[in-house]
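Numbering (the numbering used here), first residue to last: 72 to 255.
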């Protein structure tokens, strides 16, 4: 069985040749650092793609902890599941093949760590669907918020001005990740 790093390298190579948008290495390091610091036990990822971030995050979870990923594309969800099996992590992750606007209603809380890496125009809707199930101190990572206009601006206003979050923006060239901690 390949190591987690070997599977991640294979996914990176496939993403490059197929022009798949996966999270950059610097952004990945930031998210993994947060997982290692916060030690979440219930992680939800919206927008799994081929499982690059999913594999990396699941490899950092403690015993008995789980990640639930939501992916609307059956083909991409299947590839993510295959990558998780190859990395030996399928016992820690469940992939829900559905539109997140529907699937998030069914995901139980409390959620300790939420990764939003799907349709940027739906980020605020995704967050609002699970906000009541976020544990106090939960971390919310919103990827791809480097162009803060329209729906992305509405999401950023919510986490920055609602009083429910402490939030920080991390720039990576033209891209950005908004890291918000839910106050409860």
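Note that beta-carbon positions come from the ideal geometry of N, C-alpha and C, so glycine has one too. Being a predicted model, the structure only gives us computed values, none of them experimental.
In this chain, residue 166 is not harboured by any alpha helix (DSSP H); it is covered by the beta strand (DSSP E) spanning 164-168.
When 124, 135, 220 are compared, the shortest CA-CA separation from residue 86 is found for 124. Between residue 164 and residue 137, the alpha-carbon positions lie close to 6 Å from each other. Note that the C-beta distance between residue 235 and residue 215 is not below 7 Å.
Annotation: residue 229 to residue 223 spans about 10 Å, alpha carbon to alpha carbon.
If you draw a 10 Å sphere on the C-beta of residue 98, you find 16 or more other C-beta atoms in it, and that means buried. For residue 211, the closest alpha carbon among the candidates 250, 188, 81 is that of 250. As the crow flies, the alpha-carbon of residue 245 is around 27 Å from that of residue 172. Contact between residue 205 and residue 197 does not hold, since the beta-carbon distance rounds to 12 Å and is not under 8 Å. Residue range 246-253 is occupied by the beta strand (DSSP E) that includes residue 246.
Excluding five sequence positions before and after residue 158, the CB atoms of its chain that fall closer than 6 Å to its own CB belong to 75, 78, 126, given in chain order. The beta carbon of residue 254 sits closer than 6 Å to the beta carbons of 235 from its chain, once the five residues preceding and following it are set aside; these are given in chain order. With fewer than 16 other Cβ atoms from the protein chains shown falling within 10 Å of its own Cβ, residue 220 counts as exposed. Nearest C-alpha to residue 155 among 239, 73, 241, 238: 73.
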